[in-house]
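Data first, discussion second: the structure below is written as structure tokens.
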Amino acid sequence: MSFQDPLTLLQLAAQSLVKNETLAKSALQDLPNDLFPPLFKEANTQRKASLIKVLVAQWPYPHLPVGLLMSNPTLETHQAMLDGVDTWLRRKFCPRGQKLQVVDLRNVQGKNYRSTSILKHRLEVVTELQLPQDEYQTQLLQWIEKRKASLQLCCVKLTIGTLSFHSVRNVLKFLQPEFIEELELNTVWSLSTLAKFVPYITKMKSLHKVLLVRVFQGRTFPDTEEKHVSKVISLFSKLSLLQDLTIEDVYFLNDHVAQLL
């Protein structure tokens, strides 16, 4: 036997409204703000893409926690959410007196995003990216590319797996490095390739956590290798906010531990 918490009145009201999608859309202007989050969750559960678009377009708060409200979205409902954000980018007024300022795609409890951007007039889309990207992130980046003059993409955590440096560089053109707070590199790159990435990391002024895993030696002359090692090691002292550094399976580390300390 399993026990579940009883549904709240707001959840029951949301379920009832979503079942009658036409009624839900027509009633949005008169609904209390508190009903929007459970209504959004229920619309996602029932895969009501057109209702999700309208809910985003009428969202009554400055912060939209998409990642917490949309569990396991389909590509259709994910696109509907983006279409709803498009409405905010086009309109000149705020339906309920509140302008949408932040769309947070992270599924993270208790982490409200605090903007550090000087471009306060732009809507900010906050996310965590994992490369190679999945179809949802591909959809997001394609959408962002066409609207980069109207919004600010804030990637606070970047995870890079097995991917060529060229492919990574193509994604980095979408990102503002100063927003990245956490960086995970598990790329199986050679030391020379990692050294090419150092200038990009140097620009990540907000980094406080770095994970570097699996760097192999490659074929280089000893003096060239030493230059690459020095370039990588010296990087970490330039990251003034760095608090957490984890390095695993990096072949040159044992001979250069003293330089890291």
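Per this note's numbering, the very first residue in the sequence shown carries number 165; after that it's consecutive. The beta-carbon is built from N, C-alpha and C at its ideal position, and this holds for glycine as well. These numbers were taken from a predicted model, which means no experiment stands behind them.
At what residues does the alpha helix (DSSP H) containing ILE365 begin and finish?
355-366
Straight-line gap, ALA177 to ASP198 (C-alpha atoms, nearest Å)
11 Å
Taking the alpha-carbon positions, what's the GLN303 to SER314 distance?
17 Å
Judging by CA-CA distance, which residue of PHE204, CYS319, LYS373 and GLU185 is the nearest neighbour of GLN175?
Of the candidates PHE204, CYS319, LYS373 and GLU185, PHE204 places its Cα closest to the Cα of GLN175.
Option nearest THR323 by Cα separation, candidates PHE416, VAL377 and THR366
VAL377
Let me know if SER285 comes out buried or exposed under the rule of 16 or more other beta-carbons within 10 Å of its beta-carbon.
Reading the sequence as shown, one finds His at residue 285 and not Ser. When all chains shown are included, HIS285 counts as exposed.
Tell me whether the beta-carbon of LEU327 lies closer than 8 Å to the beta-carbon of THR291.
no
VAL393, DSSP secondary structure in three states
helix
State the CB to CB distance for the pair GLU346 and VAL362, rounded to an integer number of angstroms; the pair is presumed to be in contact (CB under 8 Å).
With a Cβ gap of about 17 Å, GLU346 and VAL362 do not count as contacting.
So LEU253 and ARG311 are supposed to be a Cβ contact under 8 Å. How far apart are they, rounded?
6 Å
For GLN273, does the three-state DSSP call read helix, strand or coil?
Of the three classes helix, strand and coil, the one that applies to GLN273 here is coil, per DSSP.
Would you identify the three-state DSSP class for ASP268, choosing helix, strand or coil?
Correct three-state label for ASP268: strand.
How is LEU405 classed by DSSP in three states: helix, strand or coil?
coil
Can you tell me which of LEU317, ASP408 and THR209 puts its alpha carbon nearest to the alpha carbon of GLN179?
THR209
Cβ-based neighbour list, GLU299, same chain, cut-off 7 Å, excluding 5 preceding and 5 following
Excluding its 5 nearest sequence neighbours in each direction, GLU299 has C-beta neighbours in its own chain below 7 Å: LEU239, listed in chain order.
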